[in-house]
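Asker: Next up is a structure, given as structure tokens.
Numbering (the numbering used here), first residue to last: 15 to 275.
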């Protein structure tokens, strides 16, 4: 069986999490999968604000496009907002692109009749709730539960984070009738096993879900030829236009589309 190469992209302007995330993925990857983890060269250190999310768009998309040129079979956009997922699928041809919310919701939908999502802050909920409905899973949403912790706080005091996760997840099951739990931030990685053993329900990790989903989609692509459709929404931009409008030069990505340095 041929190797699968997957790039996990932490869409933030620092590398603090890259080593830990890579080690985490190495524990669950298929034997034939190679995984690399990268962050962006510049930008905010989290995406809790819409402004911060907007700032990463160009570099994130060009990182995805470069990954396909470099021979990766799949890319994971590592934020539960699923930033620029549609755009990333538009600009790629054969490479699989996944993101945490879509992947986790699909898993939760088949592992139980309802799910709750544990988020860091209430501020995140409107966009994430919009994605739940956009992806078609609104009827299975039991609740959102907030820890009132920011992204950069999850691993500052892991014992406190774990206790808050246990508290809110219990309430989601007993009060909201959730049958599975989704951890609604990639930086909640590392807690799902303890929660799952305690609660006795599936607890879906937002780093592992899109990664394993990518492996699955790559296998489907290679075995049965199922690719992202280019018949409509994900039609790829014209290279002729990109060249005529000097997009590679203006955005300092020579050869990204045309191959001309």
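No residue lacks a Cβ here, since even glycine has one placed at the ideal position from N, Cα and C.
Computed from a predicted model, the values in this text were never measured in an experiment.
(1) Alpha carbon to alpha carbon, how far is residue 118 from residue 153? Give it in angstroms, no decimals.
(2) Pull up the DSSP beta-bridge partners for residue 50, would you.
(3) Could you check where the alpha helix (DSSP H) with residue 123 kicks off and where it finishes?
(4) Please go through the same chain and pick out, in chain order, the residues whose beta-carbon is closer than 6 angstroms to the beta-carbon of residue 232, but skip the five residues on each side of it.
(5) On a Cα-Cα basis, can you pick out the residue from 160, 46, 137 that is closest to residue 183?
(6) My output table needs one value for residue 194: the three-state DSSP class, helix, strand or coil.
(7) Along the alpha helix (DSSP H) that carries residue 248, what are the first and last residues, could you check?
(8) Thinking just about the alpha-carbon of each residue, which of 108, 123, 72 is nearest to the one in residue 98?
(9) Consult DSSP for residue 159 and reduce its assignment to one of helix, strand or coil.
(10) Identify the continuous beta strand (DSSP E) that holds residue 129 and give its terminal residues.
(11) What residues in its chain sit with their C-beta under 7 angstroms from that of residue 253, if we drop five residues either side in the sequence?
(12) Taking the alpha-carbon of residue 124 as reference, which of 20, 215, 266 has the nearest alpha-carbon?
(13) Grab the span of the alpha helix (DSSP H) containing residue 170 for me, first residue to last.
(14) DSSP on residue 221, reduced to helix/strand/coil?
(15) Assign residue 202 to buried or exposed, taking buried as 16 or more other Cβ atoms, counted over all protein chains shown, within 10 Å of its Cβ.
(16) Among residues of its own chain, excluding the 5 on either side of residue 224, which ones have a beta-carbon nearer than 7 angstroms to its beta-carbon?
(17) Does the Cβ of residue 168 have 16 or more other Cβ atoms within 10 Å, making it buried, or fewer, making it exposed?
Answerer: Reading off the structure:
(1) Stepping through the chain shown from its first residue, residue 153 is reached at position 139. Stepping through the chain shown from its first residue, residue 118 is reached at position 104. Inter-residue distance for residue 153 and residue 118 is about 15 angstroms (C-alpha atoms, whole angstroms).
(2) Counting from 1 along the chain shown, the entry for residue 50 is found at position 36. Under DSSP, residue 50 forms a beta bridge with 21.
(3) To locate residue 123, count along the chain shown from 1; it is residue 109. Residues 114-125.
(4) Position 218 of the chain shown, counted from the start, is the residue given in the question as residue 232. Excluding sequence neighbours, residue 232 sits near 18, 87, 88, 110.
(5) Taking the chain shown and counting its residues from 1, the one referred to as residue 183 is at position 169. It is 160.
(6) Along the chain shown, one-based indexing puts residue 194 at 180. Note: residue 194 maps to strand in three-state DSSP.
(7) For this step, residue 248 is matched to residue 234 along the chain shown. Looking at the DSSP string, residue 248 is not in any alpha helix (DSSP H), and its letter there is neither H nor E.
(8) Reading the chain shown from its first residue, position 84 is the one you call residue 98. Looking at 108, 123, 72, the one whose alpha-carbon comes closest to that of residue 98 is 72.
(9) Here residue 159 refers to the residue found at position 145 of the chain shown. Residue 159 falls in the strand class under three-state DSSP.
(10) The count along the chain shown starts at 1 and reaches residue 129 at position 115. It spans 129-133 - the beta strand (DSSP E) in which residue 129 sits, taken as one unbroken run.
(11) For the purposes of this step, residue 253 is identified with residue 239 of the chain shown, where counting begins at 1. Contacts found: 271, 272.
(12) Residue mapping note: residue 124 aligns to position 110 of the chain shown, counting from 1. Per the Cα distances, 215.
(13) Working through the chain shown from its first residue, we reach residue 170 at position 156. Unbroken run through residue 170: none, as it is neither H nor E.
(14) Position 207 of the chain shown, counting from 1, holds the residue named residue 221. Coil.
(15) Within the chain shown, residue 202 is the residue found at index 188, counting from 1. When all chains shown are included, residue 202 counts as buried.
(16) Residue mapping note: residue 224 aligns to position 210 of the chain shown, counting from 1. Cβ neighbours of residue 224 beyond the five flanking positions: 90, 112, 113, 114, 117.
(17) As a working note, residue 168 is residue 154 in the chain shown. The residue is buried, with at least 16 neighbouring Cβ atoms inside 10 Å.
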